[in-house]
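Asks: For the sequence shown, this note's numbering begins at 7 and goes up steadily by one. Sharing a structure with you now.
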Amino acid sequence: MLRILGRANSFNVRKVLWLCDELGLAHEREDWGRGFRPASSPEFLRLNPAGQVPVVLDGDLVLRESNTILRYLAAKHGIDRLYPPDLAQRAVVERWMDWVAYDLTHAMRGAFLGGQLREPPWDNPWFVEQGRKDFTHCMALLDAELSARGPYATGEAFTLADIPLGLVVNRWFSVAGFEKPDYLAVAAYYEALSERPAYRRHGRNGLP
Ligand SMILES: N[C@@H](CCC(=O)N[C@@H](CS)C(=O)NCC(=O)O)C(=O)O
């Protein structure tokens, strides 16, 4: 059985839990990370030298990096509808995943960790302001893409791309402290994702 190491309130652990739920993959989860056993402990660092959750153990195989874990699980279980074998279609899925990992993660550090949770060092006023601008800019881009090609990130079907994006959109609607434009296609996307029980359990579950 898969072992998922990481706290269930972590953005990146939630991606893995959501996918396992979508696929009906049996797993057990252990609490590691902030507020639980520290991911900086030697025992954990042997599994992930970056000292971050999630880590997934599939037999003897140790996996880290949430997006890598999503791709591994989808490919291993042959879920072509989520992670298309066609390279051009796959690239469309992956560009959304990479966009979240780079651009949005950075923007959310300022807008959410700094601006809302007041966590240092992200709470530097300049960084918060920039994060809010960047988060808004990214949501405008997503809104335009969904308007043109929705209802899901890559078009008609739900794919792996919607997992990180679904968590971002949940955070967009949870974050406060600045003026957020009404992005109608993003709001419709949020509602469409909310019809999925697994999203209700791990994404739109009351946690930001
Ligand atoms: N690039 C990594 C980032 C992982 C990451 O930032 N994890 C955060 C939680 S979302 C973490 O480990 N925080 C420290 C902790 O909980 O102790 C991934 O996608 O897996």
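Beta carbons: idealized from backbone N, C-alpha and C, even for Gly. No experiment lies behind these values; they were computed from the predicted model shown.
Which residue's Cα is closest to the Cα of LEU76: ALA97, PHE184 and MET103?
Replies: Translated into positions along the sequence shown, residue 76 becomes position 70. Checking every option, the nearest Cα to that of LEU76 belongs to MET103.
Asks: What ranges does the alpha helix (DSSP H) occupy inside the region 68-120, keeping only unbroken runs of at least 4 residues that lie completely in it?
Replies: Counting whole runs of 4 or more residues, the region 68-120 contains the alpha helix (DSSP H) stretches 72-82, 93-105 and 111-114.
Asks: Could you check what DSSP says for ARG9 in three-state terms: helix, strand or coil?
Replies: Residue numbering aside, residue 9 sits at position 3 when the sequence shown is read from its first letter. DSSP places ARG9 in strand when its eight states are reduced to three.
Asks: I'd like to confirm something about ASN176: is its beta-carbon nearer than 7 Å to some heavy atom of ligand 1, or not?
Replies: Counting from 1 along the sequence shown, the entry for residue 176 is found at position 170. The answer is no for ASN176.
Asks: I want to check one thing, is the minimum distance from the CB of GLU71 to the heavy atoms of ligand 1 below 7 Å?
Replies: What you label residue 71 is simply residue 65 of the sequence shown in a count that begins at 1. Yes, ligand 1 has a heavy atom inside 7 Å of this Cβ.
Asks: ASP129 by DSSP, collapsed to three states: which one?
Replies: On the sequence shown, position 123 is the one that residue 129 refers to. ASP129: coil per DSSP, three-state reduction.
Asks: Would you say the beta carbon of SER180 is closer than 7 Å to some non-hydrogen atom of ligand 1?
Replies: Taking the sequence shown and counting its residues from 1, one reaches residue 180 at position 174. No, Cβ of SER180 sits at least 7 Å from all heavy atoms of ligand 1.
Asks: What residues are listed by DSSP as bridge partners for ARG43?
Replies: Working through the sequence shown from its first residue, we reach residue 43 at position 37. ARG43 is bridged to TRP38.
Asks: Across which residues does DSSP place TYR158 in a beta bridge pair?
Replies: Here residue 158 corresponds to residue number 152 of the sequence shown, with the count starting at 1. DSSP, once it has assigned bridges, lists GLY161 as partnering TYR158.
Asks: Excluding five sequence neighbours on each side, which residues of the same chain lie with their C-beta closer than 8 Å to the C-beta of HIS83?
Replies: Indexing the sequence shown from 1 puts residue 83 at position 77. These residues qualify, in order along the chain: LEU29 and LEU31.
Asks: Do GLY116 and GLY172 have their C-beta atoms within less than 8 Å of each other?
Replies: Position 110 of the sequence shown, counting from 1, holds the residue named residue 116. Position 166 of the sequence shown, counting from 1, holds the residue named residue 172. No. Outside cutoff.
Asks: Assuming ARG52 contacts VAL61 under a Cβ cut-off of 8 Å, what Cβ separation, rounded to an integer in Å, is found between them?
Replies: Looking up residue 52 in the sequence shown gives position 46. Looking up residue 61 in the sequence shown gives position 55. Not quite, the Cβ-Cβ distance comes to about 10 Å (not below 8 Å), so this is no contact.
Asks: Pick helix, strand or coil for VAL62, following the three-state DSSP scheme.
Replies: Locating residue 62 in the sequence shown gives position 56, counting from the first residue. Strand.
Asks: Could you check if PHE164 belongs to the surroundings of ligand 1, using beta carbon to heavy atom distance under 7 Å?
Replies: Numbered from 1 along the sequence shown, position 158 holds the residue referred to as residue 164. False, no ligand heavy atom lies under 7 Å from that Cβ.
Asks: Report the option in GLU162, LEU110 and LEU199 whose CA atom is closest to the CA atom of THR142.
Replies: For this step, residue 142 is matched to residue 136 along the sequence shown. It is LEU110 whose Cα lies nearest to the Cα of THR142.
Asks: Go through its chain and collect everything with a Cβ distance to ARG58's Cβ below 7 Å, but skip five positions before and after it.
Replies: Within the sequence shown, numbered from 1, the residue matching residue 58 stands at position 52. Reading off the sequence, residue 58 comes out as Gln, not Arg. The answer, listed in chain order, is ALA45.
Asks: Exposed or buried, TYR195, counting other C-beta atoms within 10 Å across all chains shown (16 or more means buried)?
Replies: Translated into positions along the sequence shown, residue 195 becomes position 189. Per the 10 Å Cβ criterion, buried.
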